[in-house]
Every structure is written in C-alpha cells, then in structure tokens.
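There are 2 protein chains.
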Amino acid sequence: MTHQMDSEFIERFGGYQDGQLAIVLYPEFTALDVFGPHHMFINLMGERTLLVAKTREPVISDTGVYVTPQLTFEECPEGLLVICVPGGTNGTLRAMQDQATLDFLRVRGEQARWVTSVCTGSLVLAAAGLLEGYQATSHWVVRDLLSEFGAQPVNQRVVVDRNRITGAGVTAGLDCGLEIVARLRGNTYAEGVQLLSEYDPQPTLNAGTPEKSSPETVRMMRAMFDGFVENVKQVSAARLSAKAAPAE
Amino acid sequence: MTHQMDSEFIERFGGYQDGQLAIVLYPEFTALDVFGPHHMFINLMGERTLLVAKTREPVISDTGVYVTPQLTFEECPEGLLVICVPGGTNGTLRAMQDQATLDFLRVRGEQARWVTSVCTGSLVLAAAGLLEGYQATSHWVVRDLLSEFGAQPVNQRVVVDRNRITGAGVTAGLDCGLEIVARLRGNTYAEGVQLLSEYDPQPTLNAGTPEKSSPETVRMMRAMFDGFVENVKQVSAARLSAKAAPAE
Chain A
449 MTHQMDSEFI
459 ERFGGYQDGQ
469 LAIVLYPEFT
479 ALDVFGPHHM
489 FINLMGERTL
499 LVAKTREPVI
509 SDTGVYVTPQ
519 LTFEECPEGL
529 LVICVPGGTN
539 GTLRAMQDQA
549 TLDFLRVRGE
559 QARWVTSVCT
569 GSLVLAAAGL
579 LEGYQATSHW
589 VVRDLLSEFG
599 AQPVNQRVVV
609 DRNRITGAGV
619 TAGLDCGLEI
629 VARLRGNTYA
639 EGVQLLSEYD
649 PQPTLNAGTP
659 EKSSPETVRM
669 MRAMFDGFVE
679 NVKQVSAARL
689 SAKAAPAE
Chain B
449 MTHQMDSEFI
459 ERFGGYQDGQ
469 LAIVLYPEFT
479 ALDVFGPHHM
489 FINLMGERTL
499 LVAKTREPVI
509 SDTGVYVTPQ
519 LTFEECPEGL
529 LVICVPGGTN
539 GTLRAMQDQA
549 TLDFLRVRGE
559 QARWVTSVCT
569 GSLVLAAAGL
579 LEGYQATSHW
589 VVRDLLSEFG
599 AQPVNQRVVV
609 DRNRITGAGV
619 TAGLDCGLEI
629 VARLRGNTYA
639 EGVQLLSEYD
649 PQPTLNAGTP
659 EKSSPETVRM
669 MRAMFDGFVE
679 NVKQVSAARL
689 SAKAAPAE
C-alpha cells in the first residue's frame, strides 16, 4: 500500500523541493536493497525516485528477478538529491570494476546532495573513490574491507558522515531510507512515511547481527562468503597498484 | 547480498523439501510487499521462489516499476509450500474483483501448505474466500474491513491461524517472511536467514503504528485512503449480494 503524500500533508510539513532521487541497478543487484529505500523515497511527493542503469533493458537481480530501469545513466538528470547504490555479491564485484558505472557514480555522486548505499553497495561507492576519508558501513561480512578503500568502517546499522549515508546488510535499507527521508524533509514528515509503511518491526527471532547470533551460524555464514571476501581484496589490490603506477 | 544456503548449513539444520513458493504479482502491487518476503524465502535452498502472474508480461507496481513474472498462473506448479499475496490500493481493488486471480488463489490456496499475505494482500485472500472464519491482519487503515469478508481482524504485526499467515502493512512482510521460514525450517535455520539479511531493525523514529504516531498524522493518513476504504466496502457489499442471489 503506497500513497503519494497529499497536498495537506506536504503543506503542513514544509513543502517540497523539486528534485530527483536515483537508485542504481546493475546486474545481480539484491532486490530488497533497492525496494527498501525505494519504498521510503517514493512517498516524497514532488520528488521523483528513478531506477537508473546502463541501458533500459531489464536488469536481473541476484535471485533471477528482472526489474526494468526507468532511465539510463546518460538520461539521468544532473544534481540529484540522492544517489543510492544497492549491494549484491558477484554482480557487485563486477560493478566495482566497471568503468562506466564508476564514472557515473563519481560524477553524479560529487553533485548529489546525499550519497548513499545499502549493504555491499558501499563497496561500489568505495571503489568509485567516494568514501575516502569517510566513516561508513556495509554488510557485516565485508564491513572491515572498507578500510582497504580508504574508508573508516563503523559497526552501526546506519552511518551518516557529512553527506554520505551508508546502511548495513540488506534490511538496513529500510532504516537507511527512513533516515534519508528524515534528512530531506524532517522528522515529522518521515514519521508519516513510517506510519504509512507501518514500519514498526517485530522480528520474532533475535539473530540479526553476528553479536546476537550463535557462533556456529556466524561461522557457517562467513564461510559461504570466503570467495567473495577474497575477490574484494583482489579488486582493492588491483586498484591500489593502478593508483601507484598510473597508465602512461 | 544474498546467498543460496550451502550444503553444510542445509544438512546441519534438517535438510530441505523440494517444493515451490509462489508470490503473486498483479498490476499496481506494492513492490516492498513482494521483495520483503521474497528475500527471506529465496535463501531456502532446494525450494524455488517464483513470481507468478496472469501472463509473463512485466507487471507494473503501484509506483511505476516493472517487474517480470517468472511463471503464469497456468504454469505455476501444484501443491505449493507457500502462496503469498502482496498489497496495493487501486490494483488490489481490481485483483479483489478479478475472477481469474480469485480462482487461481482459491484453487492453489486450498492445496498450499501455507496461505499468506502482506499488507492489503489479505483483502485479496479474503475476497477469494480464503479467510472465512480465520483470524487475520492487514494494513492498519483497512484491517477492520476484513470482518466484512468473514475474517476476524487482529491488531498484530503477524497473525498465524492454522495455515494462514497474514502480515500488517508493507514492512511487516519482512517479519511475516521470516516467520514463514521459521515454520518451514525451524528457528535455527531462520536465524541463519535473519543473520544473512542482517535483520536487526533499528528505525531512528518511533511512529510505525497509529498508536505510536501523532493523532494529527494518523488523521491525515487516514484521510488519504477514504476513497479506498469506501471502494473496499462496495466490493464487499457486491460480493455479499452475489452470494445471496447466485446466478441462475
């Protein structure tokens, strides 16, 4: 259930800017990383939330679902209010090495009011050079690797450092999205968005972080991503050596 | 970040059934109602989570995003482990009156191990006759209307009554999805899914229910849906009169 905020609500709580928010799709993105913040953003009447990608062809998620982008990188308007990058695993690795994606993020990120990510999306921001000297977070499995890209990892669900807002793994996109709405429109407005999305979470289990989960489960989960962690390190090493010896 | 559970995890926690979970798409569905539970389901290695719709054409969400279904109603396998219906507003009203959708839900619902919904998706289940005599929930704006379809509304985030599992508004799909995983695989397994999706929610605001929100915000939000509520009542009235005087 979604509703564009109506005019009484908008006027009562401070009007709106006429701006655009862009969420980037790349092959094998994690769908919930996109649709968590997307749902929070989309109620910003007057602002348009757009899914952008290299081309307008449907983009496959990491679980095989095709989602159609609304604009290409080239068609994406300048001066975004928010740019947001979702996570993934193998697709994220490729995005971290894809020059067109990195160029788009660097140029649009430098102009955007808020530069944001969910889950391993922060690794893509980092690979684009947008987190150097910033505090940031990511999925718990790879959070510490942010330091290899010059960022300072913080064990927190949502990390705000100047105009960078990064979220932890997957579901943190909801908290991150709500925080971004609050920064754009103020708390009272964001509370309306929270009520409309009935965001009063009550998981019946309590194992959402490594600290709260059993050591055995943490060990098994980490093991699933050994290859991914290794690959991220290689991307970082290649990036550093390219920096040290730039092409002639 | 997603990962198909690997074999060590599966074997350690009780193996898996070879079954299918289906999430129904209809025009103007709410995307987060789909991708919340989808993310929780998709880690059930061995089970396939499928997006099903009337045709294989991309289906538009209530915020203008096109998602491509993976199977048609006809192609959907029999004997589903889980059938799940997302919410929406105008599209939901149409789904509640669409014979092909209602027939699909009734037939597949009667065979499914778990019949589930997120947000106003419970109104579609109710219109298909699947909640008569059951406790259920829905988005807070329309929850009480469930009684017009013979269900018993309960003010709770996730309601389990026999094999019906219904979730409250939009974001409740995450809690609902995790609960379904726990019912299918047990708590230890579900805790693994929770850790992988880092589901340790920490909204920075506390206005996710009408009880927690300001009366002014609740009033404005309710007012936005006056038309929708009226339309749901009309669908219910038409349904009751059709029942009272069946076609000759």
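Chains A and B are the protein sequences, given in the same order.
To convert, take the position in the first sequence, counting from 1, and add 448; that gives this note's numbering.
To convert, take the position in the second sequence, counting from 1, and add 448; that gives this note's numbering.
For glycine and all other residues, C-beta sits at the position ideal for the given N, C-alpha and C.
query, result
"Proximity to A:Thr657 [Cα-Cα], best of A:Arg554, A:Gly617, A:Leu480, A:Ile508", "A:Gly617"
"6 Å CB neighbourhood of B:Gln600 in its chain, flanking five on each side removed", "Gln583"
"Proximity winner among B:Val590, B:Leu528, B:Ala560, B:Asp623, relative to B:Val607 (alpha-carbon distances)", "B:Asp623"
"Burial state of A:Ala757 (16 or more Cβ within 10 Å)", "No answer is possible for residue 757 of chain A: it lies beyond the span of chain A, which begins at 449 and ends at 696."
"Cβ-Cβ separation, B:Val515 to B:Leu499 (assumed contact under 8 Å), whole Å", "7 Å"
"Per-residue burial, B:Asp648 [other beta carbons within 10 Å of its own, 16 or more giving buried]", "buried"
"Under 8 Å between C-beta atoms of A:Gln604 and A:Leu528", "no"
"Simplified DSSP state of B:Asp609, which is helix, strand or coil", "strand"
"Beta-carbon separation (whole angstroms), A:Leu594 vs A:Ser570, contact threshold 8 Å", "6 Å"
"Cβ shell of A:Glu596 (< 6 Å), same chain only, five flanking positions each side left out", "Ser684"
"Backbone CA spacing between B:Thr497 and A:Gln518 [nearest angstrom]", "25 Å"
"Same chain, Cβ closer than 6 Å to A:Pro525, neighbours up to 5 away in sequence not counted", "Gln468"
"Assigned exposure category for B:Gln650 - 16 Cβ within 10 Å defines buried", "exposed"
"Segment contact flag, the region 474-482 of chain B with the region 533-540 of chain B, C-beta cutoff 8 Å, min 3 pairs", "yes"
"Beta-carbon separation (whole angstroms), A:Ala576 vs A:Arg687, contact threshold 8 Å", "With a Cβ gap of about 10 Å, A:Ala576 and A:Arg687 do not count as contacting."
"Cβ-Cβ distance between A:Met449 and A:Leu626 below 8 Å", "no"
"Proximal chain A residues relative to B:Trp588, where beta-carbon distance stays under 7 Å", "Glu646"
"Alpha carbon of B:Val666 to alpha carbon of B:Met672, nearest angstrom", "10 Å"
"Of the listed residues B:Val590, B:Gln559, B:Arg556, B:Cys567, nearest to B:Asn679 (C-alpha basis)", "B:Val590"
"8 Å Cβ cut-off: residues of chain B touching A:Asp674", "Neighbours of A:Asp674 on chain B: none; closest Cβ ~11 Å, over 8 Å."
"Chain B contact residues for A:Leu483, given Cβ-Cβ distances below 7 Å", "First, the amino acid is wrong: residue 483 of chain A is Phe here, not Leu. Going along chain B in sequence order, the residues near A:Phe483 (Cβ under 7 Å) are Ala479, Leu480, Phe483."
"B:Ser689 at chain A interface by Cβ criterion, 8 Å", "no"
"Proximal residues, the region 605-634 of chain B versus chain A, C-beta separation under 8 Å", "Arg605, Val606, Ala616, Gly617, Val618, Thr619, Ala620, Leu622, Asp623, Leu626, Glu627, Ala630"
"For B:Asn611, the nearest candidate out of B:Ser662, B:Val641, B:Glu639, B:Glu580 (CA to CA)", "B:Glu580"
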